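Asks: Dropping a structure here in structure tokens format, bear with me for questions.
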Amino acid sequence: RELKTARSLRARDNALTAVELKLKTGRYHQLRRHMAWIMGCPIAGDTTYEDEKYLYKGAGLFLCSNKVRFEHPYLNTVEGRKEWLAMRDDCGSNMLQEDASDGVICVNVCVDVPEKFMALLEKEEAIFSYEASKV
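In structure tokens:
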């Protein structure tokens with residue numbers, strides 16, 4: 150089944166590119182297969198779908214879910230809704246939010262992109278800039 154994404158960018162010319170994928174449906178290895186088979190640019194460090202000569206040995210898979218949103222499993226029940234109504238005005242966090250259109254309470258989690266991602270992109274940018282300067 151093909152991945153349904155809101156937006157994705159394609160890497161070109163054997164360069165590393167930060168890619169944003171917004172998953173709307175989910176299957177086992179779906180993002181990894183989509184990038185390798187459909188887009189023709191596997192995720193860096195993917196030992197299953199990337200050609201071995203390009204692997205970043207020992208660096209791990211460069212895939213991170215840094216933003217996740219899902220419906221709260223308890224606060225959307227009858228009992229949970231009562232608790233939510235009692236606490237929502239005091240909830241200063243953006244982690245719990247009630248959707249204005251349908252009233253569904255969602256959990257929003259966001260983390261920073263791992264440092265190893267930024268370090269690898271900076272390294273590749275330096276190599277690309279050096280190669281471009283020789284032309």
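If you read the sequence shown in the working numbering, its first letter stands for residue 150, the second for the next number, and so on. Even glycine gets a Cβ: it sits at the ideal position worked out from N, Cα and C. Being a predicted model, the structure only gives us computed values, none of them experimental.
Since LYS216 sits in a beta bridge, which residues does DSSP pair it with?
Replies: Along the sequence shown, one-based indexing puts residue 216 at 67. CYS259.
Asks: Looking at the unbroken beta strand (DSSP E) that takes in LEU245, where does it start and where does it end?
Replies: Start at 1 with the first residue of the sequence shown, and residue 245 comes out as number 96. Segment 245-247, the beta strand (DSSP E) holding LEU245.
Asks: Is DSSP giving ILE276 helix, strand or coil here?
Replies: Looking up residue 276 in the sequence shown gives position 127. In the structure shown, ILE276 sits in a helix (DSSP, three-state: H, G or I).
Asks: Pull up the distance between the alpha-carbon of LYS216 and that of ASP261, whole angstroms please.
Replies: By one-based count along the sequence shown, residue 216 stands at place 67. By one-based count along the sequence shown, residue 261 stands at place 112. So the two alpha carbons sit approximately 9 Å from each other.
Asks: Who are the near neighbours of ARG159 in its chain, counting only those whose CB is closer than 7 Å to its CB and skipping five residues on each side?
Replies: Here residue 159 is taken as the residue at index 10 of the sequence shown, counted from 1. Here the model assigns ARG159 a pLDDT of 42, short of 50, so the residue's position is not dependable, and the following value carries that caveat. Only MET188 and CYS190 meet the Cβ criterion.
Asks: Leaving out the 5 sequence neighbours to the left and right, which residues in its chain are closer than 8 Å to ASP248 when beta-carbon positions are compared?
Replies: The residue labelled residue 248 in the question sits at position 99 within the sequence shown. The answer, listed in chain order, is ILE254 and CYS255.
Asks: With TRP186 as the anchor, note down where its alpha helix (DSSP H) starts and where it stops.
Replies: Stepping through the sequence shown from its first residue, residue 186 is reached at position 37. First-last for TRP186: undefined, no H or E at that position.
Asks: Throw me the rounded Cβ distance for the ALA185 and TYR198 pair, which I believe falls under 8 Å.
Replies: Position 36 of the sequence shown, counted from the start, is the residue given in the question as residue 185. Position 49 of the sequence shown, counted from the start, is the residue given in the question as residue 198. The Cβ separation is near 4 Å, so the contact holds.
Asks: Would you mind sorting LEU234 into buried or exposed? The rule is 16 or more other CB atoms within 10 Å of its CB.
Replies: Position 85 of the sequence shown holds residue 234. Burial call: exposed.
Asks: Report buried or exposed for ALA193, applying the criterion of at least 16 other Cβ atoms within 10 angstroms of its Cβ.
Replies: Translated into positions along the sequence shown, residue 193 becomes position 44. With 16 or more Cβ atoms within 10 Å of its Cβ, ALA193 is classed as buried.
Asks: So what's LEU130 in DSSP terms, helix, strand or just coil?
Replies: Residue 130 cannot be examined here, being either before or after the span of the chain that is shown, 150 to 284.
Asks: For LEU212 and ASN243, I'd like the C-alpha separation in whole angstroms.
Replies: Residue mapping note: residue 212 aligns to position 63 of the sequence shown, counting from 1. Residue mapping note: residue 243 aligns to position 94 of the sequence shown, counting from 1. Put simply, the backbone Cα of LEU212 is about 24 Å away from that of ASN243.
Asks: On the premise that LEU165 lies in contact with GLU273, defined as a C-beta separation below 8 Å, what is that separation, rounded to the nearest angstrom?
Replies: What you label residue 273 is simply residue 124 of the sequence shown in a count that begins at 1. What you label residue 165 is simply residue 16 of the sequence shown in a count that begins at 1. Right, their Cβ atoms sit about 4 Å apart.
Asks: Let me know if ARG182 comes out buried or exposed under the rule of 16 or more other beta-carbons within 10 Å of its beta-carbon.
Replies: The count along the sequence shown starts at 1 and reaches residue 182 at position 33. So ARG182 ends up on the buried side.
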